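Before any comments, here is the structure.
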Amino acid sequence: MNKDLHSPQVSYRKTVAERLLFKKWDSSPHGLSTKEVRERQRRHGLNVIQTVGKVHMYEILLRQFTNVMVLILILALIVSVILRETVDAYAIGAIIVINAMIGFTQEFRAEKAVEALKKLAASFATVIREGQTQKISAGELVPGDILVLEEGMQVAADARLLKAVELSTLEASLTGESQPIPKTTGLIENVESLGDMRNMVFLGTVVSKGHGLALVTATGMKTEFGRIAHLVQTEKDDPAPLQKQLNSLSRVLAVIVLGLSAVLLFVAWITGRELAELFVLTLSLAVSAIPEGLPAIITLTLALGVQKIAKQNAIMRKLSAAETLGSTSVICTDKTGTLTQNEMTVQVVVVNGKQIKIKGIGYEPSENVKVTGPEMELLIKAGALCNNSMLIQSKEAWSVSGDPTEGALLTLAEKAGYNVLTLEKELPRKDELIFDSDRKRMSTKNGALQFTKGAPDALLEVCDSIQIHGKIQKLTAAKKREVLLEVNGLAKKAYRVLGFAYKKSGKFKEENLIFLGLAAMMDPPRPEVKEAITSCRKAHIEVVMITGDHALTAEAIGKAIGLFKGGDQILTGAELEKMGDEELLKKVEKIRIYARVSPHHKVKILNALQSKGHIVAMTGDGVNDAPALKSADIGIAMGITGTDVSKEASEMILVDDNFATIVSAIESGRSIYRNIKKSIRFLLSANFDEILLVSTIFFLGLPLPYTALQLLWINLLTDALPALALGTDTPEKGIMELKPRDPKKTIWKDLIQLSVFAGIISAFLSFIRYFYYSNAGTSIEEIRTVIFTSAVIFELFLVFSVRFGKQHFFTHFFKNKFLLFGVTVSLGLQLMAIYHPFLQNVLETQSLDFQEWMIVLLPTVLGIGLIEGTKLLRKKETTV
């Protein structure tokens, strides 16, 4: 916990008397005076969540047009307008607008997260001032105010409890803990998390039960909520790994294209060539060389991938996050509800010194339990009647209203054939001693019987007898030790253990009770999680459990699902708090479980992993998780249990809160990245061919091989359907057995090598064709038609070759129907370009005869064969 932010709280937890507490905060039991309130409001400000560095809408909009690729697209748009290429102009304009809209929408995410935080803050508060109870605007609260707490109220500030009568608060909005937290005024030692601070109430939480008084210790931005709001607003979104590489590519392309254009014009000027015609051609070449379709292709590929991920129960809130997901090397996941089912289940009952296994998982009472004797019967009845929760059956599933532990006991009763409503009629409740954290017990008077349940050690303190095989015996010290040994053995296996006792008559007090036995329960792992963890290991993705639960429980669950193995380490929140950043950096890659940690520890863990070069996916559901979700490369919020704030701070929402869904989404993310890579490889290959051929022939002083419109036509055919269709390829076999790619390692080396090689082959073949026809005295129009058609055909063949790094041309040839459709349409348009009179006139083409088609096709097949041959020399891919 941040000691600077919380030094007042650290101090007052150690205050031993209420008067010293009032002295520390310069207050009194009568509250503050009006003068004191004004002075403190001047000093501390209003109790509101402030917006830090708010950015205006027009600033966010303008930022969308400063990206290098967008500036290149704007240049391409201007050129298209000059050349009166209406179709190109509209297409490029649409790409610019769509990208701006996506970027604009994404930049509002932090603002939405803060707005969600503000909605959780109370509007009004009841305080004691000058000895009088007053209802005031929550924004007027100051440190030192005495806050009146009643059931149903929202807590309006962080405050130290002075009085707590059966007081519990719901802190799910802050910590993600779904159960009511019992509160106390006593001193708290060994505080490891916010949930341990039982003598505190926090802004944004709700009083679920009881009433009390509390002394305000922090307001506004100094509260836990304020700290989170500040972190959410100031945490910057780093570009996705691929986006960084695209920005780099854009800058390189811009320099190459503009430099080459300038050189061509300069050479034309000094050699006396026709500048006007060459200027138009140079602009066309610039547009052709720039893969302006790339942003649209990436957007479409991401959008299609996001749709597929949505079908797997994960919603991507940010398109680029789908690609980043494929780079994930570490998943930091919560335990409860994500790795486990979030349904407490009684799995073992201990009576008469023997363990009885209970079948079935979850709240559904689908299995039958055989009651073996009176002790088990009484234990089951005690669990069902000494209980304030309800088991609910709906069309979808069974659920619990209330405490999950009590829900497990109700399910046990139903499995044993007891109808809880019938039991309540037979043994109606007459009295109750509610559970509290000091006694660690709960008791009810049902008919002539008293039932008590609680922590085994606390329960044994008030028992003097034990029932074994129907006979009541003295509970000796030796028998107590036996019971506690049994408890310890079950606890080591991750069970939560409750003890049960009863008595038949006498005063309704927790004394002279007859011990019955134990019920051991756990939130069982989801059945599909173990396989998902295995898939992660094969994919070289490490899984780290981060939980507020005890280390023993976390370790047992970790071992059960295959997450925790020999050599792995566990670190507790207390140990993490004492550990320096350097020490954590040395150990962070060996730690598989973090136990008894708070959400604020997640940021420290995250920073250490990112410092080691990992791409980290982080799950979270509470408001306090928002900074970690925002800082993570992929923040994953829970769809069922997650707060609005955590969802707004995340990139992905798990609809079913299931860990296995993350793994399925990562596979889709890897496929998305591979498809984008294919499209880039294809576009660069096609564009390099055109640049190389035009530049070479120009410097040789020969007539140019393309007209300006022919260059734009080639660009239109290749940048459209074929390149887009590559983005729809299905995941390759074995994709989840590759290592995640290193985000620091450039992807361009691999892409450029193939692109340059393919471009050289295509340009060389066209060069040979050019000279063959030139020497034969063929007209320049006919030569250009052959070269023009050859370029299109080569690129339509090339699209099948670049799909796979090692696999051959015909691999899954008919699987991608969209690709076949795109190539067919492009081929049809090219045939129209050389045979339709109108297009012949516009594009300055001529009809090709059979011999000319052979000159087009045979070298193309040879060239593609050479490219295919290089696949045999390539190393087997080991990374995505």
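Residue numbers (our numbering): 439 to 1318. For each residue, glycine too, the CB sits at the ideal point set by N, CA and C. Please read all numbers here as calculations on a predicted model, not as lab measurements.
Exercise for the section: Could you have a look at Pro963 and say whether DSSP puts it in helix, strand or coil? Expected result: Here residue 963 refers to the residue found at position 525 of the sequence shown. Residue state for Pro963 is assigned as strand, using DSSP reduced to three classes.
Just how far apart, CA to CA, sit Ile694 and Ile1129? Counting from 1 along the sequence shown, the entry for residue 694 is found at position 256. Counting from 1 along the sequence shown, the entry for residue 1129 is found at position 691. Looking at the backbone, the Cα of Ile694 and that of Ile1129 are separated by about 10 Å.
Whole angstroms are fine: how far does the CA of Glu802 sit from the CA of Pro962? Position 524 of the sequence shown, counted from the start, is the residue given in the question as residue 962. Position 364 of the sequence shown, counted from the start, is the residue given in the question as residue 802. Looking at the two C-alpha atoms, the distance is approximately 14 Å.
Given 8 Å, three or more beta-carbon pairs between the stretch 1095-1115 and the stretch 1161-1170
Yes: at least three Cβ pairs fall under 8 Å.
Problem set entry | C-alpha distance - Pro812 paired with Arg964, whole-angstrom precision | Translated into the one-based positions of the sequence shown, residue 812 becomes position 374. Translated into the one-based positions of the sequence shown, residue 964 becomes position 526. Taking the Cα positions, Pro812 is about 34 Å away from Arg964.
Would you mind stating whether Pro971 and Ala989 have Cβ atoms separated by less than 8 Å? Counted from its first residue, the sequence shown places residue 971 at position 533. Counted from its first residue, the sequence shown places residue 989 at position 551. Looking at the sequence itself, residue 971 is Ile, so the reference to Pro does not match. Not a contact, by the Cβ cut-off of 8 Å.
### Query
For His668 versus Pro581, is the C-beta spacing smaller than 8 Å?
For the purposes of this step, residue 668 is taken as residue 230 along the sequence shown, with counting starting at 1. For the purposes of this step, residue 581 is taken as residue 143 along the sequence shown, with counting starting at 1. Taking 8 Å as the Cβ cut-off, His668 and Pro581 do not qualify as a contacting pair.
query: If you compare alpha carbons, which of Leu1176, Met1270, Pro1037 is closest to Cys770?
result: On the sequence shown, position 332 is the one that residue 770 refers to. Per the Cα distances, Pro1037.
TODO: Using the Cα positions of Ile1302 and Ala700, report the straight-line distance between them to the nearest angstrom.
DONE: To locate residue 1302, count along the sequence shown from 1; it is residue 864. To locate residue 700, count along the sequence shown from 1; it is residue 262. If I take the Cα positions, the gap works out to 33 Å.
### Task
Could you pull out every residue in the same chain whose Cβ sits closer than 7 Å to the Cβ of Val1194, ignoring the five residues on either side in sequence?
Taking the sequence shown and counting its residues from 1, the one referred to as residue 1194 is at position 756. Around Val1194: Phe1126.
Can you look up Thr860 in the DSSP assignment and give me helix, strand or coil?
One-based indexing of the sequence shown puts residue 860 at position 422. Thr860 falls in the helix class under three-state DSSP.
Next on the checklist: Could you give the first and the last residue of the continuous alpha helix (DSSP H) run that contains Gln488?
Outcome noted: The residue given as residue 488 occupies position 50 in the sequence shown. In this chain, Gln488 is not harboured by any alpha helix (DSSP H), its DSSP state being neither H nor E.
Rounded C-alpha distance that separates Ile520 from Leu1149: Taking the first residue of the sequence shown as 1, we reach residue 520 at position 82. Taking the first residue of the sequence shown as 1, we reach residue 1149 at position 711. Distance between the alpha carbons of Ile520 and Leu1149 is about 15 Å.
Can you check whether the CB of Val1261 is closer than 8 Å to the CB of Leu1234?
-> As a working note, residue 1234 is residue 796 in the sequence shown. As a working note, residue 1261 is residue 823 in the sequence shown. Taking 8 Å as the Cβ cut-off, Leu1234 and Val1261 qualify as a contacting pair.
Quick one: measure Cβ to Cβ for Leu766 and Ile1043, integer angstroms, because I've assumed they're closer than 8 Å. Walking along the sequence shown from the start, residue 766 turns up at place 328. Walking along the sequence shown from the start, residue 1043 turns up at place 605. The identity of residue 766 in the sequence shown is Thr, whereas the question assumes Leu. Their Cβ separation, rounded to whole angstroms, is 15 Å, which puts Thr766 and Ile1043 out of contact at 8 Å.
DSSP three-state assignment for Arg1141, whether helix, strand or coil
Taking the first residue of the sequence shown as 1, we reach residue 1141 at position 703. Correcting the residue identity first, residue 1141 is Pro in this sequence and not Arg. Residue state, collapsed to three classes: coil.
inquiry  = Taking only three categories from DSSP, how would you classify His1038?
reply    = Position 600 of the sequence shown, counted from the first residue, corresponds to residue 1038. Under the three-state reduction of DSSP, His1038 is assigned to helix.
Does the stretch 912-928 come within contact of the stretch 844-858, defined as at least 3 CB pairs closer than 8 Å? Judged by Cβ distances under 8 Å, the stretch 912-928 makes no contact with the stretch 844-858, as fewer than three pairs qualify.
Practice item. Just mark Leu1300 as buried or exposed, buried being the case when its beta carbon has 16 or more other beta carbons within 10 Å. Key: Counted from its first residue, the sequence shown places residue 1300 at position 862. Flag for Leu1300 reads exposed.
Collapsed DSSP secondary structure at Leu1189 in the structure displayed = If you number the sequence shown from 1, residue 1189 lands on position 751. In the structure shown, the three-state DSSP call for Leu1189 is helix.
| message | Please state the DSSP three-state secondary structure of Pro812. | response | Here residue 812 refers to the residue found at position 374 when the sequence shown is read from its first residue. It is helical.
Looking at the unbroken beta strand (DSSP E) that takes in Gly937, where does it start and where does it end? Here the question's residue 937 lines up with position 499 in the sequence shown. Its beta strand (DSSP E) spans residues 934-941.
Inset, instruction - Look at the alpha carbon of Leu757 and the alpha carbon of Thr623, and state the distance between them as a whole number of angstroms. - result: Here residue 757 refers to the residue found at position 319 of the sequence shown. Here residue 623 refers to the residue found at position 185 of the sequence shown. Cα to Cα, Leu757 sits roughly 48 Å from Thr623.
Practice task
Run the CB neighbour count on His1039, radius 10 Å, all protein chains shown included, and call it buried at 16 or more, exposed below.
Solution key: Stepping through the sequence shown from its first residue, residue 1039 is reached at position 601. If you draw a 10 Å sphere on the C-beta of His1039, you find 16 or more other C-beta atoms in it, and that means buried.
Which residue marks the beginning of the beta strand (DSSP E) containing Met1270, and which one marks its end? Here residue 1270 corresponds to residue number 832 of the sequence shown, with the count starting at 1. First-last for Met1270: 1255-1273, but that is the alpha helix (DSSP H), not the beta strand (DSSP E).
Considering only residues of the stretch 724-780, which uninterrupted alpha helix (DSSP H) runs meet the minimum length of 4 residues and lie entirely inside it, listed in chain order?
If you keep only unbroken alpha helix (DSSP H) runs of at least 4 residues inside the stretch 724-780, you get 732-749, 757-763.
* Asked: Would you report the Cα separation of Ala840 and Leu608, rounded to the nearest angstrom?
  -> Mapped onto the sequence shown, residue 840 falls at position 402. Mapped onto the sequence shown, residue 608 falls at position 170. Note on identity: in this sequence residue 840 is Gly, with Ala being the wrong assignment. One C-alpha to the other measures close to 12 Å.
Would Ala957 and Phe889 be called neighbours here (beta carbons separated by less than 8 Å)?
For the purposes of this step, residue 957 is taken as the residue at position 519 of the sequence shown. For the purposes of this step, residue 889 is taken as the residue at position 451 of the sequence shown. Contact flag unset, no.
Determine which residues share a DSSP beta bridge with Glu870 and list them.
-> If you number the sequence shown from 1, residue 870 lands on position 432. The partner list for Glu870 (beta bridge, DSSP) reads Thr882.
- Task: Could you give the DSSP three-state label for Thr1057: helix, strand or coil?
- Result: Taking the sequence shown and counting its residues from 1, the one referred to as residue 1057 is at position 619. Here Thr1057 sits in strand by DSSP.
Q.
I'd like to know if the stretch 1085-1092 and the stretch 1056-1073 are in contact, where contact means that at least 3 CB-CB pairs between them fall below 8 Å.
A. Verdict: yes, contact present.
Checklist entry - When you compare only the Cα positions, how much space is there between Ala1055 and Ile979? => result Sequence index remark: in the sequence shown, residue 1055 carries index 617 (1-based). Sequence index remark: in the sequence shown, residue 979 carries index 541 (1-based). Cα-Cα distance, rounded: 10 Å.
- 7 Å Cβ shell around Leu738 - same chain, five flanking residues per side excluded: As a working mapping, residue 738 is identified with position 300 in the sequence shown. Taken in chain order, the residues that qualify are Leu1162, Gly1165.
Taking DSSP as the reference, what is the three-state secondary structure of Ile520? The sequence position of residue 520 within the sequence shown is 82, counting from 1. If DSSP states are grouped into helix, strand and coil, Ile520 belongs with the helices.
Notebook entry, point to check: Quick one: what does DSSP say Phe571 is sitting in, helix, strand or coil?
Noted result: By 1-based counting over the sequence shown, the position of residue 571 is 133. Before going on, a small fix: residue 571 reads as Thr here, not Phe. Collapsing the DSSP output to three states places Thr571 in a strand.
#### Entry: Given 8 Å, three or more beta-carbon pairs between the stretch 1202-1209 and the stretch 1275-1282
In short, these stretches do not touch, since the Cβ pair count stays below three.
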